[in-house]
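J.:
In the numbering used here, the protein residues as written are 68 to 168.
#1: Please state the DSSP three-state secondary structure of residue 133.
#2: Could you pull out every residue in the same chain whose Cβ sits closer than 6 Å to the Cβ of residue 69, ignoring the five residues on either side in sequence?
#3: Quick one: grab the DSSP three-state call for residue 68.
#4: Quick one: residues in its chain with C-beta nearer than 8 Å to the C-beta of residue 119, no 5 flanking neighbours on either side, listed in chain order?
Have a look at this one:
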């Protein structure tokens, strides 16, 4: 049961998180605050990660069918990109805070 709840959350939340990241990025163009950069980058990173998680979970359901390998490949790539983007956002935020720029 928790597996299905995680899948449903990943499928339903990745699009709103990416949309929120885009909206916050547009606001950040004018405001240029370090916390806002962290917010939009983190939102987009979480959306990308959840998209990848949903694709990997799709692979479990499609095992043996054509396209399951492609779903796994794209899912793992998206999870790696999302995790790297989130870690980069946190490191950038800490660097900007420590330098006072």
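Note that beta-carbon positions come from the ideal geometry of N, C-alpha and C, so glycine has one too. Being a predicted model, the structure only gives us computed values, none of them experimental.
T.: Let me lay it out:
#1: Here residue 133 sits in coil by DSSP.
#2: Non-local C-beta neighbours of residue 69 in its own chain, meaning closer than 6 Å and more than five positions away in sequence, are absent.
#3: Coil, per DSSP.
#4: Hits under 8 Å: 141, 142, 143, 144, 145, 146, 147, 148 and 149.
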